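Participant: No gaps in the numbering here: position 211 of the sequence shown is 211 in my numbering, and each next residue is one more.
Where a beta carbon is used, it is the ideal one built from N, C-alpha and C, also for glycine.
On a predicted model such as this, the values are computed, not experimentally measured, just so you know.
Below is one structure. I have some questions about it.
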Amino acid sequence: MLGKIPAARQEIIDRIAARARRAAHRRKPVPADRFARYFYNGVSELDLVQRGDGDLAGAALAQFTMGRVRRPGRPIIRVFNPDAARDGFSSSRTVIAVITDDMPFLVDSLGIVCTQERLAIHLIAHPVFGVVRDRHGRLTDLFLDDACPDAKPESWQFIEVDREADPARLVALERRIKSMLDDVRCVTTDWRAMRRMAREIASDLGKQMRGPQAGEAHEVKALLEWMEEKHFTFLGYREYRLRRGRTRDLLRPNPGSGLGLMRPNRHRKQRSVVLKGDGREFARSKDLLIITKANSVATVHRATHLDYVGIKTFDSAGNVTGERRFIGLWTSSTYNRSPREIPVLRHKIQSVIDHFGLK
Numbered sequence: 001m002l003g004k005i006p007a008a009r010q011e012i013i014d015r016i017a018a019r020a021r022r023a024a025h026r027r028k029p030v031p032a033d034r035f036a037r038y039f040y041n042g043v044s045e046l047d048l049v050q051r052g053d054g055d056l057a058g059a060a061l062a063q064f065t066m067g068r069v070r071r072p073g074r075p076i077i078r079v080f081n082p083d084a085a086r087d088g089f090s091s092s093r094t095v096i097a098v099i100t101d102d103m104p105f106l107v108d109s110l111g112i113v114c115t116q117e118r119l120a121i122h123l124i125a126h127p128v129f130g131v132v133r134d135r136h137g138r139l140t141d142l143f144l145d146d147a148c149p150d151a152k153p154e155s156w157q158f159i160e161v162d163r164e165a166d167p168a169r170l171v172a173l174e175r176r177i178k179s180m181l182d183d184v185r186c187v188t189t190d191w192r193a194m195r196r197m198a199r200e201i202a203s204d205l206g207k208q209m210r211g212p213q214a215g216e217a218h219e220v221k222a223l224l225e226w227m228e229e230k231h232f233t234f235l236g237y238r239e240y241r242l243r244r245g246r247t248r249d250l251l252r253p254n255p256g257s258g259l260g261l262m263r264p265n266r267h268r269k270q271r272s273v274v275l276k277g278d279g280r281e282f283a284r285s286k287d288l289l290i291i292t293k294a295n296s297v298a299t300v301h302r303a304t305h306l307d308y309v310g311i312k313t314f315d316s317a318g319n320v321t322g323e324r325r326f327i328g329l330w331t332s333s334t335y336n337r338s339p340r341e342i343p344v345l346r347h348k349i350q351s352v353i354d355h356f357g358l359k
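Pasting the structure below:
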């Protein structure tokens, strides 16, 4: 059953559903009017009333046709300027249509792409459906609320943005959305593994609490445990080995250690970092912990510079051998707490809060 929605919205959706039923030329696995009701259930009546019922019905049917066949793990993406003869509806805006496996951060991350491309969003429908498909990926049933056990959650996003007339820009936007979806999939697939690495490193530090670094090791262990308790959104992890040279050092990624946004792929090559001067001196220093901001902006969840937490590794003689690096974002619960409430690394967390304005 659909949840209760405002009467004004219900009246508009009833009209759209009736138009969709009349416009559907072929029998569909889900009745066209039922799909239209599902598709617009969460869209504000203030947005719906600004568009014609016929175009809204046509847009829903176009999205339904686009999603009739889809393989798991393979998103469908289309960025286009609607044409009534071709698409069954018209719009003065450019449309971004995405159908993919449901994952956290999808709506926020697509919003990042639109914002960075300077495209204002004028309408968004983003229902999460329970979809039943056969072994060939053909849709056989679809639910909004009470899905059957065989249904898999899928995100069906339809977004109208400022019109973009340049075909090359439309293609580039589609590619960027595909890259963003790859990033979201890497992060959500590896999320548990990244949290497990934080726990494992904390456990390792607990076994090394001897000598002059014991106090710092205790604090870093507590920090990692605190991060893992949902105070840090883990977006990437990688291990590095420090190779010392006569005039410069290299920080080399360990093959196969990358997780999330730090997985190697065609967009992100694993490259060694050349260290000279102060950077080289800092990499060799005995400081166990690095907390700073990365140079790159997150492509997932929030468009802000990534937070970087690095834990150095040492040999038996106490020399730095490498680094275990996490990138991600401090969660809102971190920002909203007083430093006095944070039971670990109070002086270091305070300096981070002061420096980056994390009040």
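Helix, strand or coil, according to DSSP, for GLY245 in the structure here?
Facilitator: coil
Participant: Any idea if ASP166 is buried or exposed, counting beta-carbon neighbours within 10 angstroms, 16 or more meaning buried?
Facilitator: exposed
Participant: Mark THR233 as exposed unless 16 or more other C-beta atoms lie within 10 angstroms of its C-beta, in which case mark it buried.
Facilitator: buried
Participant: Would you kindly work out how many angstroms separate the C-alpha atoms of ALA198 and ASP87, rounded to a whole number?
Facilitator: 49 Å
Participant: Residues in the same chain with beta-carbon distance under 7 Å from GLU45, minus the five sequence neighbours each way, listed in chain order, please.
Facilitator: Annotation for GLU45: PRO6, ALA8, ARG9 and ILE12 place their beta carbon closer than 7 Å to its own, counting only its chain and skipping 5 residues before and after.
Participant: Please tell me whether VAL161 and ILE99 are closer than 8 Å, where the distance is taken between their beta carbons.
Facilitator: no
Participant: Are there 16 or more other CB atoms within 10 angstroms of the CB of VAL300, so buried, or fewer, so exposed?
Facilitator: buried
Participant: Let me know the beta strand (DSSP E) ranges lying completely inside the segment 248–334, each 3 residues or longer, listed in chain order.
Facilitator: Fully enclosed beta strand (DSSP E) runs of 3 or longer: 249–253, 273–275, 289–297, 305–314 and 320–330.
Participant: Give a yes or no on contact between the segment 130–137 and the segment 114–121, applying the rule of three or more CB pairs nearer than 8 Å.
Facilitator: No, the segment 130–137 does not touch the segment 114–121.
Participant: Confirm, please, whether the CB-CB distance from LEU261 to LEU235 is below 8 Å.
Facilitator: yes
Participant: Quick test of your reading: ILE201 and ILE311, contact by CB under 8 Å. State the CB separation rounded to the nearest angstrom.
Facilitator: 6 Å
Participant: Hey, how far is the Cα of VAL383 from the Cα of LEU181?
Facilitator: Missing from the structure shown is residue 383; the chain here goes from 1 to 359 and no further.
Participant: Considering just the uninterrupted stretch of the beta strand (DSSP E) at ARG37, what are its terminal residues?
Facilitator: Looking at the DSSP string, ARG37 is not in any beta strand (DSSP E); the run it does join, the alpha helix (DSSP H), is 32–40.
Participant: Quick one: is PHE89 buried, meaning 16 or more other Cβ sit within 10 Å of its Cβ, or exposed?
Facilitator: buried
Participant: Compute the beta-carbon to beta-carbon distance between LYS230 and THR292, rounded to the nearest angstrom, for a pair I have assumed lies under 8 Å.
Facilitator: 22 Å between Cβ atoms; not a contact.
Participant: State buried or exposed for ASP287, treating a residue as buried only when at least 16 other CB atoms are found within 10 Å of its CB.
Facilitator: Exposed: under 16 other Cβ atoms inside 10 Å.
Participant: What are the boundary residues of the beta strand (DSSP E) that HIS122 is part of?
Facilitator: 121–125
Participant: Can you tell me whether DSSP reads ILE5 as helix, strand or coil?
Facilitator: coil
Participant: Quick one: residues in its chain with C-beta nearer than 6 Å to the C-beta of THR94, no 5 flanking neighbours on either side, listed in chain order?
Facilitator: ASN81, VAL161, ARG163 and GLU164
Participant: Between the C-alpha atoms of LYS221 and ARG195, what's the straight-line distance to the nearest angstrom?
Facilitator: 13 Å
Participant: Kindly list the residues whose CB is nearer than 7 Å to the CB of GLY357, restricted to its own chain and excluding five residues on each side of it in sequence; keep chain order.
Facilitator: Low confidence applies here, because GLY357 scores a pLDDT of 38, under 50, leaving its location unreliable and the question unanswered by this model.
Participant: How long is the line joining the alpha carbons of ILE16 and ASN254, rounded to whole angstroms?
Facilitator: 55 Å
Participant: With C-beta atoms as the reference, is LEU173 less than 8 Å away from GLU117?
Facilitator: yes
Participant: Out of LEU110, ALA303, ARG324 and LYS28, point me to the one whose CA is closest to ALA283's CA.
Facilitator: When only C-alpha atoms are compared, the closest one is ARG324.
Participant: With distance defined between alpha-carbon atoms, name the residue in ARG243, GLN50, LEU106 and PHE105 nearest to THR313.
Facilitator: THR313 has its Cα closest to that of ARG243, out of ARG243, GLN50, LEU106 and PHE105.
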